[in-house]
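I have placed the structure first, in the form of structure tokens, so that the comments after it can refer back to it.
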Amino acid sequence: MAVLSVSQISKSYGASTVLQRIDFQLYPAERVGLVGPNGAGKTTLLKIITGQETADAGSVALARGVTIGYLEQGTAKTAAATMEEELRRALGFLDELAVRLSLLEKNMASAKLTANPQALEAVLNEYGKLRHQFEAAGGYSAESRLRSVVSGLGFSASDLKRAVETFSGGEKTRLRLARLLLEEPELLLLDEPTNHLDLSAVEWLEKYLSDWRGCVMIVSHDRYFLDRVAGRILSLEQHQLKSYRGNYSAYMAQRELAAVSEEKAYRKQQDYLAREETYIRTQGTGEREKRQAKSRQKKLEKLTKLNCPQQEKAMALDFLFSGRSGEIAVRLTNVAKEFGARTVFRNVNVEIRWGKRVALLGPNGSGKSTLLKLIAGELAADSGTVWLGPSVRLVYFDQHQQAVSAEKTPLDEIMESSGMTLSAARTYLGRFLFSGEDVFKCNADLSGGERSRLALAKLGLDAGNFLVLDEPTNHLDIRGVEELESALDAFPGTLLVVTHDRYFISRTTDSVLEVRDGGVNFYQMPYADYLQERERREKAVASPVKAETRERQEAEKQRREDLLAKRRELRKMEVRIRETEEEIGGLELRLALLVAELSEPEVFNDYRLAAEKGEEMHSVKEELGKLYSLWEKLTRCLEEGSK
Numbered sequence: 001m002a003v004l005s006v007s008q009i010s011k012s013y014g015a016s017t018v019l020q021r022i023d024f025q026l027y028p029a030e031r032v033g034l035v036g037p038n039g040a041g042k043t044t045l046l047k048i049i050t051g052q053e054t055a056d057a058g059s060v061a062l063a064r065g066v067t068i069g070y071l072e073q074g075t076a077k078t079a080a081a082t083m084e085e086e087l088r089r090a091l092g093f094l095d096e097l098a099v100r101l102s103l104l105e106k107n108m109a110s111a112k113l114t115a116n117p118q119a120l121e122a123v124l125n126e127y128g129k130l131r132h133q134f135e136a137a138g139g140y141s142a143e144s145r146l147r148s149v150v151s152g153l154g155f156s157a158s159d160l161k162r163a164v165e166t167f168s169g170g171e172k173t174r175l176r177l178a179r180l181l182l183e184e185p186e187l188l189l190l191d192e193p194t195n196h197l198d199l200s201a202v203e204w205l206e207k208y209l210s211d212w213r214g215c216v217m218i219v220s221h222d223r224y225f226l227d228r229v230a231g232r233i234l235s236l237e238q239h240q241l242k243s244y245r246g247n248y249s250a251y252m253a254q255r256e257l258a259a260v261s262e263e264k265a266y267r268k269q270q271d272y273l274a275r276e277e278t279y280i281r282t283q284g285t286g287e288r289e290k291r292q293a294k295s296r297q298k299k300l301e302k303l304t305k306l307n308c309p310q311q312e313k314a315m316a317l318d319f320l321f322s323g324r325s326g327e328i329a330v331r332l333t334n335v336a337k338e339f340g341a342r343t344v345f346r347n348v349n350v351e352i353r354w355g356k357r358v359a360l361l362g363p364n365g366s367g368k369s370t371l372l373k374l375i376a377g378e379l380a381a382d383s384g385t386v387w388l389g390p391s392v393r394l395v396y397f398d399q400h401q402q403a404v405s406a407e408k409t410p411l412d413e414i415m416e417s418s419g420m421t422l423s424a425a426r427t428y429l430g431r432f433l434f435s436g437e438d439v440f441k442c443n444a445d446l447s448g449g450e451r452s453r454l455a456l457a458k459l460g461l462d463a464g465n466f467l468v469l470d471e472p473t474n475h476l477d478i479r480g481v482e483e484l485e486s487a488l489d490a491f492p493g494t495l496l497v498v499t500h501d502r503y504f505i506s507r508t509t510d511s512v513l514e515v516r517d518g519g520v521n522f523y524q525m526p527y528a529d530y531l532q533e534r535e536r537r538e539k540a541v542a543s544p545v546k547a548e549t550r551e552r553q554e555a556e557k558q559r560r561e562d563l564l565a566k567r568r569e570l571r572k573m574e575v576r577i578r579e580t581e582e583e584i585g586g587l588e589l590r591l592a593l594l595v596a597e598l599s600e601p602e603v604f605n606d607y608r609l610a611a612e613k614g615e616e617m618h619s620v621k622e623e624l625g626k627l628y629s630l631w632e633k634l635t636r637c638l639e640e641g642s643k
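In this note's numbering, the protein residues as written are 1 to 643.
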């Protein structure tokens, strides 16, 4: 049964159609990628599903009782004072159960309850039910999951006590993602979840979502991420939705085959139409020929015409090459950099030679952008030297697009940077998908994708032989990233790039410069080989923390199970003591009756009857002796077990 059914959804903004008759279903445990160009309506569709926007037509149906979680783009809001308080809200149900279990454990240990078998039985039953509920909901692993999510998403243990108001926008988005993962909704909608995550966090999230028990739909431009996580791709194409089985690579292969097939079918129909129209037009004036022409004309009118396959618009980027530089592009010697009391780099020594294509990797906050600015001359080192080689012409791309002025228009930017005429500048901007009135929009009103394309358009005007790029793929859709990759493939110079896009890294670089703990390590090997080397290092220094955590969880679970088993055993002893006491009481009463009977004349004067009563009395005394011993043993065990 589907957890979500979307039927015939349509949405327009004014005269602009965004979604048209969208149909799809999502099923339990499914992992689905939602892709499409910027502006195709992916976020709009998510907002309609969550009720934040209303469709013009169609319906959205959630299965009964299904919980839904939604990670939006942009800064997440929270009323929590600290990070830990925010995350604890996701575990509130488990915390309540833990408190109730603890109270029941104290009650079971009280002497008052132990003396009341019926009340103890009721408490034991309630404890067993709650413990099963707690275990089924992952209660014993909750603390471990919390620590895993915090660490996996790039936070430290000390961040738990930080005030949320001190978090950056990216940190707040990561915090919202952390809470959603801990809440474990049955339907999880993630809009660009890898934004603001470093590579380690993205890799961790991939593994976490691979084990996700619910259904998840992900909007992402990270092709590697979609390949690792998604089992189906929904593609928004020209206002409509198409479904493809498999991951992103499978989707691309299927889409390419479909495009070839559609093109073939369209060409075949066009050829047929041309032949038929020629026949109709060239027929003679005879009645028979007229009838044939009229019949064919009617046939053509009834024919469903195929639309001409549309190609996605893509920017056309080229990097101007200024010619070969010297053998060394840049050399850093004993470079150090601090910001106040925080040391970013100390004693950095590295040399990048001509023609190398280097990916600069490292955790968030490790200093990647700072290192690029030191190399580009945007920042000065506190000590050491940064030396650019002979004939090096460095072209720098800032991830914040500071080269784009908020007050200007795209047309102003290009004309002022290049000296182009208005007509030439408009033509050039057209290569970057700025058409019509778009060129006159104020830069402050541009979307993130538009600002990125404008920054790349300006970058393409500067001739250089050493490209230094800080997150150039940010805000670009997948087609835009692919065009950037093609432009870099054609660029013969040196490249140093910071990016979290692993497909991009694999396609455009041949070396890895890793920033970590104030230093750098240079791996002169492709990204795939670097990953293997990193995995080997991590295994060699792996700590036993996971084993300790697992042992701690098992110990806590075993403690509770032992406690419950002990209480049940004590309850059995109490029942057995009560039964023994009842048996003793019955036998003592029988013994008293036998003594009384033996003193009666009709019994002691009858030898045979007196002998029978005597034997019975002996048996009763013998049985009483056994019961007294059993009672003493049981009461002693109960006293020891209650300690």
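Glycine included, C-beta positions come from ideal geometry on N, C-alpha and C.
Asked	Found
For the 8 Å Cβ check, are there 3 or more pairs between the segment 175-187 and the segment 57-72?	yes
With a 10 Å radius around its C-beta and 16 neighbouring C-beta atoms as the bar for buried, classify Leu-634 as buried or exposed.	buried
Within 10 Å of its beta-carbon, does Asn-474 have 16 or more other beta-carbons around it, so buried, or fewer, so exposed?	buried
Buried or exposed for Lys-47, please, with buried defined as at least 16 other CB atoms from any protein chain shown within 10 angstroms of its CB.	buried
Looking at the strands, I want to know which residues DSSP matches up with Thr-494.	Phe-466
Roughly how many angstroms lie between the CA atoms of Gly-231 and Ala-119, to the nearest whole one?	53 Å
What are the partner residues of Thr-82, as DSSP defines its beta bridges?	Ala-163
Between Arg-213, Ser-366, Ala-259, Thr-343, which lies nearest to Leu-197 when the distance is taken from Cα to Cα?	Ser-366
With H, G and I counted as helix, E and B as strand and the rest as coil, what does DSSP make of Trp-387?	strand
Shortest alpha-carbon distance to Tyr-208 belongs to which of His-221, Val-150, Ala-90, Gln-20?	Val-150
Is the separation between the beta-carbon of Arg-453 and that of Val-404 shorter than 7 Å?	no
If we count the other Cβ atoms within 10 Å of its Cβ and call it buried at 16 or more, is Phe-339 buried or exposed?	exposed
Along the alpha helix (DSSP H) that carries Ala-540, what are the first and last residues, could you check?	527-540
Would the segment 461-473 count as touching the segment 491-501 if we require 3 or more Cβ pairs under 8 Å?	yes
Quick one: grab the DSSP three-state call for Gln-238.	coil
Alpha carbon to alpha carbon, how far is Glu-256 from Ile-375?	41 Å
For Arg-568, which residues of its own chain have a beta-carbon under 7 Å away from its beta-carbon, when the five flanking residues on both sides are left out?	Leu-124
May I ask you to report which of helix, strand or coil DSSP gives Met-420?	coil
Express the C-alpha separation of Lys-298 and Asp-271 in angstroms, rounding to a whole number.	18 Å
Tell me the DSSP secondary structure of Lys-313 in three-state form.	coil
Cβ of Ala-142 within 7 Å of Cβ of Leu-91?	yes
Identify whether Thr-282 lies in helix, strand or coil by the three-state DSSP scheme.	helix
Hey, out of Leu-34, Glu-378, Thr-385, whose CA is closest to Leu-394's CA?	Glu-378
Given Leu-488, which residues of its chain have a CB within under 6 Å of its CB, disregarding the five upstream and five downstream residues?	Thr-508
Could you give the first and the last residue of the continuous beta strand (DSSP E) run that contains Val-150?	First-last for Val-150: 142-152, but that is the alpha helix (DSSP H), not the beta strand (DSSP E).
What are the start and end residues of the beta strand (DSSP E) that includes Arg-357?	357-361
Check whether the Cβ atoms of Ala-265 and Ile-280 sit closer than 7 Å, and answer yes or no.	no
Is the beta carbon of Ser-235 closer than 7 Å to that of Val-35?	yes
Are Glu-86 and Thr-78 closer than 7 Å when you measure CB to CB?	yes
On a Cα-Cα basis, can you pick out the residue from Leu-594, Gln-238, Trp-204, Val-216 that is closest to Pro-37?	Gln-238
If you scan the segment 155-222 from start to end, which runs of the beta strand (DSSP E) of 3 or more residues do you find wholly inside it?	187-191, 215-219
If you run the structure through DSSP and keep just helix, strand and coil, what is Arg-644?	This structure leaves residue 644 out entirely; the chain is present only between 1 and 643.
To the nearest angstrom, report how far apart Pro-363 and Arg-516 are at their CA atoms.	7 Å
Would you mind sorting Met-415 into buried or exposed? The rule is 16 or more other CB atoms within 10 Å of its CB.	buried
How is Val-439 classed by DSSP in three states: helix, strand or coil?	helix
Use the C-beta contact count for Asp-562: other C-beta atoms within 10 angstroms, 16 or more gives buried, fewer gives exposed.	exposed
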